[in-house]
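So the number in the working numbering is just where the residue sits in the sequence shown, counting from 1, plus 238.
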Amino acid sequence: PFPEEGARQMVSRLAALHLAPTLGAAAELRAEGVARQRIAVTGNTVVDAVLEIAARDLPARDTALALLEMEIAEAGERLVLVTSHRRESWGEPLERTLAAVQLIVAEHPDVQVLFPAHPNPQVRAQVDAALDGLPRVTVTDPLEYPDLVRALRLASLVLTDSGGIQEEAPTFGTPVLVLRDVTERVEVVEAGCAWLVGTDTERIADTAAHLLSGELRPAQVGNPYGEGNAATLAVAAIEELLGVGSPARNQAVAS
239 PFPEEGARQM VSRLAALHLA PTLGAAAELR AEGVARQRIA VTGNTVVDAV LEIAARDLPA
299 RDTALALLEM EIAEAGERLV LVTSHRRESW GEPLERTLAA VQLIVAEHPD VQVLFPAHPN
359 PQVRAQVDAA LDGLPRVTVT DPLEYPDLVR ALRLASLVLT DSGGIQEEAP TFGTPVLVLR
419 DVTERVEVVE AGCAWLVGTD TERIADTAAH LLSGELRPAQ VGNPYGEGNA ATLAVAAIEE
479 LLGVGSPARN QAVAS
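In structure tokens:
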């Protein structure tokens with residue numbers, strides 16, 4: 239996207255060290271002409287963050303989420319988490335996504351939907367118009383990060399256009415339907431943790447049905463973005479670049 243990719247390209251030409259989240263990302267850097275010795279594969283620090291927050295197991299601060307958790311536990315229901323915030327998703331694409339949510343709720347009586355809506359007034363109005371009064375659907379304001387992590391852990395399925403959630407959900411084995419036609423997080427799709435469904439109503443609802451029925455299952459491969467030690471590996475790589483730190487740790491990163 240502009241201007242982020244242009245800025246990345248310019249910084250890339252100047253960087254003495256590239257911290258790549260995956261082997262695939264490292265290969266892309268080498269294809270751009272970056273020398274192998276200037277690349278360290280560390281994983282993504284978002285995995286560190288989501289694991290740290292999950293380990294704290296903080297109670298839900300959002301009242302609606304707290305009530306929803308109790309309802310799901312008492313009724314033995316399943317949670318589908320839905321987020322849609324990208325500007326390209328507003329308007330007709332969001333309308334199609336909301337229609338898919340309506341179908342999912344109608345076809346799966348044991349499913350509760352949680353939709354933390356974008357704060358833009360027009361977007362919130364569109365979400366409320368489609369989902370207000372629909373049984374087993376809870377629309378909230380955007381969740382604080384610890385609450386979002388709770389929802390990701392609880393969810394049986396996520397529908398999202400968020401890049402961050404695509405990176406976070408595989409940590410908990412939660413399958414993701416990506417509400418876009420393309421994704422920069424190709425690793426989650428290639429690993430079998432996520433599926434590109436765009437905003438086609440029938441495609442979203444059908445793929446969700448296959449996942450909720452167990453006919454389609456996410457690959458149990460862990461998170462392709464790492465195991466939660468990206469920060470440690472990044473520090474070791476920087477120490478090696480600067481000639482400081484533990485030789486043993488630096489050697490572990492280099493290998």
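Backbone N, C-alpha and C define an ideal beta-carbon position, used for all residues, glycine too.
Item: Residue from PRO297, GLN360, GLU428 whose Cα sits closest to the Cα of LEU391; Value: One detail in the question is off: residue 391 reads as Arg in this sequence, not Leu. Nearest option by C-alpha distance: PRO297.
Item: Reference SER322; option with closest CA among VAL414, ALA457, ALA263, GLU270; Value: VAL414
Item: Per-residue DSSP class, three states only, for PHE353; Value: strand
Item: Straight-line Cα distance separating VAL482 from ARG246; Value: 27 Å
Item: Chain C contact for THR398 (CB, 8 Å cutoff); Value: The structure shown has no chain C; it contains just one protein chain.
Item: DSSP bridge partner residues for TRP433 (one or two, in chain order); Value: LEU415
Item: C-beta contact flag for GLY411 and ASP286 at 8 Å; Value: no
Item: Cβ-based burial, VAL249 [other Cβ within 10 Å; buried from 16]; Value: exposed
Item: As assigned by DSSP and simplified to three states, the class of LEU372; Value: coil
Item: Secondary structure of THR378, DSSP reduced to three states; Value: strand
Item: The alpha helix (DSSP H) enclosing LEU332, as first and last residue numbers; Value: 330-345
Item: Top-ranked residue by Cα proximity to ASP379, from VAL387, ARG362, GLY244, LEU372; Value: ARG362
Item: For ARG334 and ASP438, believed in contact at Cβ under 8 Å, the rounded distance; Value: 7 Å
Item: Distance, ASN282 Cα to HIS256 Cα; Value: 13 Å
Item: Supposed close pair VAL386, LEU352 - CB separation, criterion 8 Å; Value: This sequence places Leu at residue 386; Val is not what is there. Going by Cβ atoms, the distance from LEU386 to LEU352 rounds to 10 Å, so no, they are not a contact pair.
Item: Candidates LEU395, VAL435, ALA254, GLY464, of which the one nearest LEU449 by Cα; Value: LEU395
Item: Of the residues HIS356, LEU397, VAL343, the one placed nearest GLY371, counting alpha carbons only; Value: VAL343
Item: Reference GLN340; option with closest CA among GLY271, PRO456, PRO462, ILE442; Value: ILE442
Item: 8 Å Cβ cutoff met for SER327 and LEU417; Value: yes
Item: Cβ-Cβ separation, LEU319 to ALA432 (assumed contact under 8 Å), whole Å; Value: That pair is no contact at about 13 Å.
Item: Assigned exposure category for THR301 - 16 Cβ within 10 Å defines buried; Value: exposed
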